[in-house]
Structure formats: structure tokens, C-alpha cells
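Student: Position 164 of the sequence shown, counting from 1, maps to 173 under our numbering, and the rest follow consecutively.
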Amino acid sequence: MRVKKKYSYEYLALNLKASVVKRFRSFSKKVAKSQSEALNIMMDFFEWHGVDPSQKFTKSIIQEILKNRERTNTSIKRNEATIAIIRDIEINQTKPNNAMLLALFGENAKTKKPIRKEKKILEKKKDSQPEIEVTVPKIRYERLTEKLEKIRLEYSYVLNKVSMVKGSFGKAYFKLELSPSELEKFKRTLKNNS
Numbered sequence: 010m011r012v013k014k015k016y017s018y019e020y021l022a023l024n025l026k027a028s029v030v031k032r033f034r035s036f037s038k039k040v041a042k043s044q045s046e047a048l049n050i051m052m053d054f055f056e057w058h059g060v061d062p063s064q065k066f067t068k069s070i071i072q073e074i075l076k077n078r079e080r081t082n083t084s085i086k087r088n089e090a091t092i093a094i095i096r097d098i099e100i101n102q103t104k105p106n107n108a109m110l111l112a113l114f115g116e117n118a119k120t121k122k123p124i125r126k127e128k129k130i131l132e133k134k135k136d137s138q139p140e141i142e143v144t145v146p147k148i149r150y151e152r153l154t155e156k157l158e159k160i161r162l163e164y165s166y167v168l169n170k171v172s173m174v175k176g177s178f179g180k181a182y183f184k185l186e187l188s189p190s191e192l193e194k195f196k197r198t199l200k201n202n203s
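1) Is there contact between the region 140–155 and the region 96–107, where contact requires at least three CB pairs shorter than 8 angstroms?
2) Taking residue 199 as the reference, which of 164, 180 and 178 has the closest Cα?
3) Checking 8 angstroms against the spacing of the C-beta atoms, do residue 170 and residue 186 come in under that value?
4) For residue 118, which residues of its own chain have a beta-carbon under 6 angstroms away from its beta-carbon, when the five flanking residues on both sides are left out?
5) Assuming residue 213 is part of the alpha helix (DSSP H), what are its boundary residues?
6) Can the beta-carbon of residue 161 be found closer than 8 angstroms to that of residue 114?
7) Going by the DSSP bridge assignment, what does residue 86 pair with across the sheet?
8) May I ask which residues mark the beginning and end of the alpha helix (DSSP H) holding residue 178?
9) Just to confirm my understanding: we take residue 37, look at its own chain, exclude 5 residues before and 5 after, and list those with CB closer than 6 angstroms. What are they?
10) Whole angstroms is fine: what's the gap from residue 25's alpha carbon to residue 51's?
11) Is the beta carbon of residue 172 closer than 8 angstroms to that of residue 184?
12) Got a sec, what are the start and stop residues for the alpha helix (DSSP H) residue 106 sits in?
13) Give the DSSP bridge partners of residue 167, in chain order.
14) Sort out for me which residues DSSP pairs residue 185 with in a bridge.
15) Less than 8 angstroms between the C-beta atoms of residue 55 and residue 62, yes or no?
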């Protein structure tokens, strides 16, 4: 059966009992947009899970549960490997950066062990001169303290614009609420100071 200029695909008719059609129509309204789509979903379900509707479900369900257990075990192993990689990244890359930021803000960085130790070879010369004490001019010191205070204020402003967002799916994440002009301003100041 083909309706002129209404659908781009053909319709074919099936002979079904009226009670089955009524039941299927109410079911398809719950499952999908159209009856064809609902029927496709049902057939995909049976094919995907390897279930024959005419046979008893017990054997096929037990087999499906065993397959799902195997899939779950492999996915758990993959997740554990991913977690190990993330922890390694956190230890080797993130913690040193956090320690530098904490030192910049004047807080005590709590480091139990230094992450990387560098061997220093000290060469002592017999004719070495006494070490000269290096002093910083007072003006330069004051400028550096002012600059540090300005950087602290800017970072505290940025940190105040960070908010935690808890989504309905997945983990919570942080959202930075800065306008594009403010972000450009921070980029320019970082570029000029480096």
C-alpha cells in the first residue's frame, strides 16, 4: 500500500487479530514514535540477546547473565587500569603544579617526599673565594611584593568565579564563570608578564 506523496517508503499490510493490534498500538505508544519503530526495537531486542520467543527463557537468560558477568569483569579491569593511570598522572604531574601554586599564594605546601631528586655535584676549589652575598635593591623588592599581591588578588578573583556543578549523570565538575573579555584580559596579563 502506498499513499501518494506522503511517505518515502512503502507500507505493507499484515493480518492480525483486532485484540493483538489494540494491545500492540497501546504498547508502541509507550515505546516509540511509530508502530514500525516499536516493532523494529522489539525484533532488535530478540536478535541482540539471542532469545527465541517460542522457547523457554531460562536457558537463554542464564547464558546472557554469564556473558554479562564476563563483560563486567573485563570492564572493571579496564576501569581499574584507567584509575591507575590517572593516579600516576596526578602524582607525577598535578601535585608539583599544586605545590607551586600553593607556594605562590603563600600557603605551606605539604609535601611528604620530594617527587624528583636531583643530584648536585659540588666542586670545591682550593682557591675558592668567599661567597658574595647577593642583595636585592629595596625598590625592586617592593615592586615584586606589589606584583605578588596583584597576582594574588587576580587569582582570588578567578577562584571566586569557580562553582561546582553537579550533573544528573557522571561526576561533578567545576564551571568558570568569566566573560570572554575578562578571560582575554587574564591571557594578556600572563603573556605580558612572561
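Just so you know, even glycine gets a beta-carbon here, dropped at the ideal spot from N, CA and C.
Tutor: So, from the listed chains and residues:
1) Contact check between the region 140–155 and the region 96–107: fewer than three CB pairs, one atom from each, fall below 8 angstroms, which does not count as touching.
2) The shortest Cα separation from residue 199 among 164, 180 and 178 belongs to 164.
3) The Cβ-Cβ distance between residue 170 and residue 186 falls below 8 angstroms.
4) Bear in mind that the predicted position of residue 118 carries a pLDDT of just 48, short of 50, making it too unreliable to give a figure here.
5) Nothing about residue 213 can be read from this structure; the chain reaches only from 10 to 203.
6) Cβ atoms of residue 161 and residue 114: closer than 8 angstroms.
7) Paired residues: none, contrary to the question.
8) Here residue 178 belongs to no alpha helix (DSSP H), and DSSP marks it neither H nor E.
9) Apart from sequence neighbours up to five positions away, the residues of its chain that approach residue 37 with a beta-carbon distance below 6 angstroms are 44 and 47, ordered along the chain.
10) Whole-angstrom Cα-Cα distance: 17 angstroms.
11) Yes, they are a contact pair.
12) Per DSSP, residue 106 belongs to the alpha helix (DSSP H) from 104–113.
13) As far as DSSP is concerned, residue 167 takes part in no beta bridge.
14) DSSP lists 171 as the bridge partner or partners of residue 185.
15) The answer is yes: Cβ separation under 8 angstroms.
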